[in-house]
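Numbering (the working numbering), first residue to last: 31 to 273. Report on the structure given below.
Right, here's the structure in full:
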C-alpha cells in the first residue's frame with residue numbers, strides 16, 4: 031500500500047471512513063498470514079506456506095490501489111497506512127520466508143545459517159526503513175526484499191544449502207546497490223506489459239504450487255522468464271534514467 035500524506039479530507043463521510051478502515055484491515059490481514067506462515071513452516075507444510083505467500087502478494091498488490099482510489103490517506107490522516115504496509119511486508123516478504131528456509135533445511139546449519147539469516151534480515155530492515163526506498167517516479171531503489179519469491183524458487187528448485195546461502199547473500203548486497211527496480215503496479219514505463227507479465231507469473235506461481243512437489247518443468251521455466259524480464263528491464267531503465 032502507498033498512502034502518500036496529503037491534506038485531510040474534512041468532509042469525509044462515515045461511509046468513507048469505514049471504507050478506509052476496511053482497507054487498513056485488509057492490509058493488516060498480512061500480519062495474520064505471516065503468523066500462519068511461521069506456524070505451518072515449522073509444521074512442515076511447505077506447500078501451504080507457499081499458498082500463503084501468494085495470498086500475501088495478492089493483498090499487497092491490491093491494497094494500495096484501493097487506498098488511492100478511496101483516498102484513505104485523506105480520509106484517515108492520523109493513521110499511517112504506509113507504515114502498516116512496511117510492517118506487514120517485512121513479516122511476509124522477509125521474516126516468514128527466512129523461517130521457511132530455516133525450518134525446511136535449505137540454510138546451512140549452525141553459525142553459518144544464523145549469519146545468512148542475519149545478513150538477509152538486517153538488509154531488509156535497512157531497505158524497509160530507508161526514506162528513499164521508493165523513487166518519486168515509482169521505482170524501488172535497491173533489491174526490494176522479495177525474499178518470498180526467492181524462497182519460492184529455492185523450494186521449487188530444491189536448491190542446496192550452499193547455493194541458497196550464496197543467492198541470499200548476493201541479493202542482500204543488492205539491497206545497497208542503487209539499481210531502480212520496477213514497481214509492477216505503479217512504474218509507468220511499460221506498465222501494461224509489466225502488469226500482464228506479472229499476472230501471468232502469478233498464475234504460473236499458483237500452477238506450480240498446486241502441482242508441488244512435482245511441478246511442470248515448462249511452468250517453472252516460463253516463470254523464470256518473468257524474473258529475467260523484471261531484472262533486465264530494471265537494469266536497462268536504471269541506465270536510461272541516469273543519462
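Each residue gets a CB set at the ideal place from its N, CA and C atoms; glycine is no exception. Predicted model only: the values in this text are computed from it and were never measured.
Legend entry - residue 212, enclosing beta strand (DSSP E) - first and last residue: In the chain shown, counting from the first residue as 1, residue 212 sits at position 182. DSSP places residue 212 in the uninterrupted beta strand (DSSP E) bounded by 210-212.
Inset, instruction - Take the Cβ of residue 200 as the centre, count every other Cβ of all protein chains shown within 10 Å, and call the residue buried at 16 or more, exposed below. - result: Reading the chain shown from its first residue, position 170 is the one you call residue 200. Looking at its Cβ environment, which holds fewer than 16 other Cβ atoms inside 10 Å, residue 200 is exposed.
Inset, instruction - Indicate the three-state DSSP secondary structure (helix, strand or coil) for residue 160 in the structure shown. - result: In the chain shown, residue 160 corresponds to position 130, counting from 1. Reduced to three states, the DSSP call for residue 160 is coil.
Inset, instruction - Measure the beta-carbon distance from residue 252 to residue 234 and round it to whole angstroms, keeping in mind my assumption that it falls under 8 Å. - result: Within the chain shown, the letter at position 222 stands for residue 252. Within the chain shown, the letter at position 204 stands for residue 234. That pair is a contact at about 6 Å.
Legend entry - CA nearest to the CA of residue 243, picked from 188, 222, 195, 197: On the chain shown, residue 243 is found 213 positions in, with the first residue counted as 1. Nearest option by C-alpha distance: 188.
Inset, instruction - With a floor of 3 residues, list each beta strand (DSSP E) that falls wholly inside the segment 176-263, ordered by position along the chain. - result: If we require 3 residues or more, the beta strand (DSSP E) runs fully inside the segment 176-263 come out as 210-212.
Inset, instruction - Return the Cβ separation of residue 149 and residue 202 in integer angstroms, given the expectation that the two are a contact with Cβ distance under 8 Å. - result: Your numbering for residue 149 matches position 119 in the chain shown. Your numbering for residue 202 matches position 172 in the chain shown. So it is a contact: roughly 5 Å between Cβ atoms.
Legend entry - Beta-carbon proximity of residue 57 to residue 83, cut-off 9 Å: Here residue 57 refers to the residue found at position 27 of the chain shown. Here residue 83 refers to the residue found at position 53 of the chain shown. No, Cβ-Cβ distance for residue 57 and residue 83 is not below 9 Å.
Legend entry - Same chain, Cβ closer than 6 Å to residue 195, neighbours up to 5 away in sequence not counted: Against the chain shown, residue 195 aligns to sequence position 165. The residues are 138, 146.
Legend entry - Nearest neighbour of residue 274, chosen from 173, 49, 140 [CA to CA]: Because the chain here runs from 31 to 273, residue 274 falls outside it and cannot be looked at.
Legend entry - Span of the alpha helix (DSSP H), counted from its first residue to its last, around residue 47: Start at 1 with the first residue of the chain shown, and residue 47 comes out as number 17. Where residue 47 is concerned, the enclosing alpha helix (DSSP H) stretches over 44-72.
Legend entry - Same chain, Cβ closer than 7 Å to residue 207, neighbours up to 5 away in sequence not counted: If you number the chain shown from 1, residue 207 lands on position 177. Non-local C-beta neighbours of residue 207 in its own chain, meaning closer than 7 Å and more than five positions away in sequence, comprise 172, ordered along the chain.
Inset, instruction - Assess, as a yes-or-no matter, whether the segment 109-120 is touched by the segment 207-224 under the definition of 3 or more beta carbon pairs within less than 8 Å. - result: These segments do not touch.
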